[in-house]
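By this note's numbering, the letter at position 21 of the sequence shown is numbered 21, and the numbering carries on one by one without gaps. Quick reminder that beta carbons are idealized off the backbone N, C-alpha and C, glycines included. As structure tokens, the structure follows; a few thoughts come after it.
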Amino acid sequence: MPPAELVEAVPQRIKIGAPDDVEKIVSSAMPGVCLMAAP
1 MPPAELVEAV PQRIKIGAPD DVEKIVSSAM PGVCLMAAP
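In structure tokens:
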């Protein structure tokens, strides 16, 4: 996968949050923690 495509796809497919909140984040389609690519 080209790096630019990976940078765009990962934040749309990965959910990050506190372990106690992950189920709520996923089930309610909340975005979780914002991810940004680092150079």
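Rounded straight-line distance, which links the Cα of residue j to that of residue i
i: I55; j: C34; result: Outside the modelled stretch of the chain, which goes from 1 to 39, sits residue 55, for which no answer is possible.
i: P39; j: D20; result: 31 Å
i: Q12; j: A18; result: 18 Å
Residue i, DSSP secondary structure in three states
i: P3; result: helix
i: P39; result: coil
i: I14; result: coil
Close-in-space but distant-in-sequence residues of the same chain around residue i (CB under 6 Å, 5 per side omitted)
i: V7; result: A37
i: V10; result: none
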